[in-house]
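Trainee:
Here it is in structure tokens:
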């Protein structure tokens, strides 16, 4: 395939024909057609698939080619069957019209079908099969689908097993069913529509299992209620009674009344088979409509098309019937089209254009076509006429043919209702059995009413199509539909055939003849006699003779000059197309015997156009090379310039963006620093104030708690002492009173009373001893607490001493800072005192009045008259404020630390109740003190440095002032 696409191989092949048709479509803008013909079993279907594959490869990359190729799988399953001469024989004709866009991309397709062999559904010859789809469905359907459709094996169906051929050697029907389902999915036929298709196929199979029983002597029948009847009714969506009525009775109209008549056995079987054939034929047309709908999605961008005709080939069996009659008639018409284009038109064109030409004789089939189509005494006319008579039979039809056509040389009458026709491919004997019934193809009103009353959608659709075909007026009743029968089969087929010929005449034809190598269906076996017979009958030998002696390639002067005029190396005086064409032929050294110049066209023998195309290809290749290098240089130079400019522009843009970004980063950084500064200051101040408040609050609470605890302890001690003294006084008073009473009365208390008093005394003494023991234990505990307290006091004293030493060092530093500040202030005031009296002399003539001036006035005057002194005084005030602030902070922190230490001592001694750990709090206090001390020292050093700096500045100021003063 790649070799033919790249033009590296030009041997005769299907690829070469398809490539020629594709190129002519693109160059000339004319629709093309590829007509594939030959006898049955010669390989027409496979040739059509090969041509479609090549066209799909040429016009691929649109996504439509896979769908177009998958249509072959579907059409072969529903329209092909095994015959005695071919395992995959097409039992229908098809024209596949493939649409292309202006760029040569495949954008859609349309399929037309002709004369499906419906009778193969219900009967066929021994050793043949029905359509492949039935066997594939029975073998490959999944279990769920089989259960839903009540499917069984193919051997269980009467329609399939009657020919005693259920399998084809080397073919797996189960796998083919899987391929079919994949093809349906590719064509985008929904699962719902697929289920409808399989349901109707199963219904046709089950209808073949419906049987009849004779009920009377007149051979009237009734339908046997069996599995076939129930399943077929269920799949069609009707009741069993409705199906029984349609198959066993007929309604006959007598005036305004209708009479129900029972059918005989033969009539019932014919009614059943007619319904099955009608359902399958309409199902086939429906699936073709679905395929065309799917493939027609991209036709809005259609430009031109290539049509591939794959129609049934010429057939000649031992017994030939109505189907072979129609098939061979179609082949006669195609042979006439072949002869017309390759013989008649070509030779007529030679003579009209003044070419020296000797006519070639060929086998003309005009007489045979006249036998079929002549009116009113042609085969088709006589068949239609006899079909209209109700009492006509096949034998009467055969006798009429003998009477009317015996004078025609192509017709021969035979015995027992047979006749013989002399076709272009040989004589064929036809048996007229079934001709009239098959030509009528009638379906009674009961069957149409049955389909219209079904619940399923497809039977209703089929009924509506039947009504539309029979009568355009939808208002007519079902009985009127039967009375006004539709066209006969041969008439409708003739109309389709004439439309097909008109469509092919509007295209440029390309012919492919398929030759059957042998009659045994074996590879690599050639039967010479059969081979030669086909070559003679098909006119291939005459075509070869014309191709060798004639001029198959023709081109007008204008077309030749436009196509090859640029090959001239120098210009000629006359620029008319004929002169240019002759000059090109002379320059390329084309021999004069290989072409002829006509009045309007140039005629070339085989192979000369290839030489012209080769020279044209070389010239174009050289031109393209020059253009390629020039354009490459031009675009490289332009690219380099654009690249340089772009890089310069990018450098400026990136630099400016970097600078802007850097400025934004700097601004954001400064803003962030400023925000952080104020935020941190605010946070620090807030934290310090919060901590200070919390500490003061904690100290006040602790001090209050300690004071209240101490007060309660003292109060309890006082109350216990008072109560003890009171008890002792009462006891002594009572004893003395009792003694005085007894002495006065001259008698002593009774013994029990004394005993009771003694017991009370002993108890009091025991209680006193217990209290003494408790006092001893409390004293011991107190001594322990005092020892611990002394140890803790020693620690606290050592800590206080350390704090005092540190605080004293800080105080010394602070005192030194104050002294330095005082000395600076004294020096500055001494400096001011040097010039203050001089100004005071102007205040009053009395020298004593100077003492009445306030220091503020003097200082303000000094500042007003001497700004340098004013600056010095301001610096002095700032130094004093800084030192005072440090001193105040020192005193505050010292007080805080002393309070905290005192509170911890109280907690440690037990004077204050608290859950805190005094040792842990003491450690934390030491850490806080160390941190504050470090910070305070750093700030003290910074203050001293600032004071020294300010002092140096003041000194410089005084020097400058003194220098000015002395110079005055």
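In the numbering used here, the protein residues as written are 57 to 1024.
Even glycine gets a Cβ: it sits at the ideal position worked out from N, Cα and C.
#1: With a threshold of 8 Å, are at least 3 pairs of Cβ atoms found where one atom belongs to the stretch 111-127 and the other to the stretch 203-211?
#2: Mapping DSSP to helix, strand and coil, what is residue 661?
#3: Skipping 5 residues on each side, what residues in its chain have a beta carbon closer than 7 Å to that of residue 321?
#4: Check residue 69 in the structure and name its three-state DSSP category.
#5: Give me the Cβ distance between residue 9 and residue 367, rounded to the nearest whole Å; I'm assuming they're in contact under 8 Å.
#6: Residue 565 lies in the beta strand (DSSP E); which residues open and close that run?
#7: Out of 99, 89, 214, state which residue places its alpha-carbon closest to the alpha-carbon of residue 155.
#8: So for residue 480, helix, strand or coil by DSSP?
#9: Could you tell me which residues DSSP pairs with residue 137 in its beta bridges?
#10: Return the Cβ separation of residue 428 and residue 436 in integer angstroms, given the expectation that the two are a contact with Cβ distance under 8 Å.
#11: Between the beta-carbon of residue 190 and the beta-carbon of residue 216, is there less than 7 Å?
#12: How is residue 711 classed by DSSP in three states: helix, strand or coil?
#13: For the alpha helix (DSSP H) containing residue 228, list its first residue and its last residue.
#14: Residue range of the beta strand (DSSP E) that residue 316 falls in?
#15: Give me the DSSP bridge partner(s) of residue 743.
#16: Who are the Cβ neighbours of residue 423 in its own chain at under 7 Å, not counting the five residues just before and after it?
#17: Considering Cα atoms alone, identify which of 692, 365, 875, 616 is closest to residue 556.
#18: Verify whether the separation of the beta carbon atoms of residue 623 and residue 675 is less than 7 Å.
#19: Which whole-angstrom value describes the C-beta separation of residue 656 and residue 609, a residue pair presumed to lie in contact below a C-beta threshold of 8 Å?
#20: Three-state secondary structure (DSSP) at residue 129?
#21: How long is the line joining the alpha carbons of residue 293 and residue 446, rounded to whole angstroms?
#22: Please list, in chain order, all residues of the same chain as residue 76 whose beta carbon is under 8 Å from its beta carbon, the five residues on each side excluded.
#23: Inspect the beta-carbon positions of residue 147 and residue 133 and report whether they are closer than 7 Å.
#24: Do residue 552 and residue 170 count as a contact pair if the criterion is CB distance below 7 Å?
#25: Just tell me which of 988, 460, 960, 639 has its CA closest to the CA of residue 975.
#26: Which first and last residues belong to the alpha helix (DSSP H) in which residue 360 is found?
#27: How would you write the range of the alpha helix (DSSP H) that residue 300 sits in, first residue to last?
#28: Use the C-beta contact count for residue 93: other C-beta atoms within 10 angstroms, 16 or more gives buried, fewer gives exposed.
#29: Could you name the residues of the same chain whose beta carbon sits closer than 8 Å to that of residue 581, not counting the 5 residues immediately before and after it, in chain order?
#30: Please name the residue in 84, 99, 105 whose C-alpha comes closest to that of residue 71.
#31: CA-CA distance, residue 842 and residue 854?
#32: Rounded to the nearest angstrom, what separates residue 957 and residue 973 at their Cα positions?
#33: With a cut-off of 8 Å, do at least 3 Cβ pairs link the stretch 976-987 to the stretch 940-959?
#34: Buried or exposed: residue 753, going by 16 or more other Cβ atoms within 10 Å of its Cβ?
#35: Which residues does DSSP pair with residue 788 in a beta bridge?
#36: So, is residue 406 buried or exposed, given that buried needs 16 or more other C-beta atoms within 10 angstroms?
Mentor: In short:
#1: No, they do not touch.
#2: Within the chain shown, numbered from 1, the residue matching residue 661 stands at position 605. Here residue 661 sits in coil by DSSP.
#3: Locating residue 321 in the chain shown gives position 265, counting from the first residue. Answer for residue 321: 268, 270, 275, 277, listed in chain order.
#4: Along the chain shown, one-based indexing puts residue 69 at 13. In the structure shown, residue 69 sits in coil (DSSP, three-state: anything other than H, G, I, E or B).
#5: Outside the modelled stretch of the chain, which goes from 57 to 1024, sits residue 9, for which no answer is possible.
#6: Counting from one through the chain shown, the residue named residue 565 turns up at place 509. Boundaries of the beta strand (DSSP E) harbouring residue 565: 564-570, taken from the DSSP string.
#7: By 1-based counting over the chain shown, the position of residue 155 is 99. The closest CA to that of residue 155, considering only 99, 89, 214, is found on 89.
#8: Residue mapping note: residue 480 aligns to position 424 of the chain shown, counting from 1. Per DSSP, reduced to three states, the secondary structure at residue 480 is coil, with no helix or strand assignment.
#9: Position 81 of the chain shown, counted from the start, is the residue given in the question as residue 137. Residue pairing for residue 137: DSSP places it in a beta bridge opposite 145, 187.
#10: One-based indexing of the chain shown puts residue 428 at position 372. One-based indexing of the chain shown puts residue 436 at position 380. That pair is a contact at about 6 Å.
#11: For this step, residue 190 is matched to residue 134 along the chain shown. For this step, residue 216 is matched to residue 160 along the chain shown. Yes. Within cutoff.
#12: Within the chain shown, numbered from 1, the residue matching residue 711 stands at position 655. Residue 711 falls in the helix class under three-state DSSP.
#13: Numbered from 1 along the chain shown, position 172 holds the residue referred to as residue 228. Per DSSP, residue 228 belongs to no alpha helix (DSSP H) and is neither H nor E.
#14: Here residue 316 refers to the residue found at position 260 of the chain shown. Where residue 316 is concerned, the enclosing beta strand (DSSP E) stretches over 313-318.
#15: For the purposes of this step, residue 743 is taken as the residue at position 687 of the chain shown. According to the DSSP secondary-structure assignment, residue 743 is paired through a beta bridge with no residue.
#16: Taking the chain shown and counting its residues from 1, one reaches residue 423 at position 367. For residue 423, where only same-chain residues beyond five positions count, the Cβ hits under 7 Å are 465, 466.
#17: The count along the chain shown starts at 1 and reaches residue 556 at position 500. Answer by Cα proximity: 365.
#18: Along the chain shown, read from residue 1 onward, the residue named residue 623 stands at position 567. Along the chain shown, read from residue 1 onward, the residue named residue 675 stands at position 619. Result yes, Cβ atoms of residue 623 and residue 675 sit closer than 7 Å.
#19: The count along the chain shown starts at 1 and reaches residue 656 at position 600. The count along the chain shown starts at 1 and reaches residue 609 at position 553. Actually they do not touch by this definition, with Cβ atoms about 15 Å apart.
#20: Translated into positions along the chain shown, residue 129 becomes position 73. Secondary structure of residue 129 (DSSP, three-state): helix.
#21: The residue you call residue 293 lines up with position 237 of the chain shown. The residue you call residue 446 lines up with position 390 of the chain shown. For residue 293 and residue 446, the distance between alpha carbons rounds to 34 Å.
#22: As a first step, residue 76 must be located in the chain shown, where it is residue number 20. So the qualifying residues of the chain are 566.
#23: Along the chain shown, one-based indexing puts residue 147 at 91. Along the chain shown, one-based indexing puts residue 133 at 77. For the 7 Å CB-CB criterion, residue 147 and residue 133 do not form a contact.
#24: Here the question's residue 170 lines up with position 114 in the chain shown. Here the question's residue 552 lines up with position 496 in the chain shown. At the C-beta level, residue 170 and residue 552 come within 7 Å of one another.
#25: As a position in the chain shown, residue 975 is number 919, starting the count at 1. For the set 988, 460, 960, 639, the Cα lying nearest the Cα of residue 975 is the one of 960.
#26: By one-based count along the chain shown, residue 360 stands at place 304. No alpha helix (DSSP H) contains residue 360, which is instead part of the beta strand (DSSP E) from 360-366.
#27: Along the chain shown, one-based indexing puts residue 300 at 244. For residue 300, the uninterrupted alpha helix (DSSP H) run begins and ends at 296-304, by DSSP.
#28: To locate residue 93, count along the chain shown from 1; it is residue 37. Burial check for residue 93: the Cβ neighbour count within 10 Å reaches 16 or more, so the residue is buried.
#29: Counting from 1 along the chain shown, the entry for residue 581 is found at position 525. Listed in chain order, the non-local C-beta contacts of residue 581 below 8 Å within the same chain comprise 573, 574, local neighbours out to five positions each way being set aside.
#30: Position 15 of the chain shown, counted from the start, is the residue given in the question as residue 71. It is 105 whose Cα lies nearest to the Cα of residue 71.
#31: In the chain shown, residue 842 corresponds to position 786, counting from 1. In the chain shown, residue 854 corresponds to position 798, counting from 1. Looking at the two C-alpha atoms, the distance is approximately 18 Å.
#32: Start at 1 with the first residue of the chain shown, and residue 957 comes out as number 901. Start at 1 with the first residue of the chain shown, and residue 973 comes out as number 917. Those two C-alpha atoms are separated by around 13 Å.
#33: At 8 Å Cβ cutoff, the stretches touch.
#34: Looking up residue 753 in the chain shown gives position 697. By the Cβ-count criterion, residue 753 is exposed, with fewer than 16 other Cβ atoms from all chains shown falling within 10 Å of its own Cβ.
#35: Position 732 of the chain shown holds residue 788. Per DSSP, none; premise fails for residue 788.
#36: Your numbering for residue 406 matches position 350 in the chain shown. It counts as buried.
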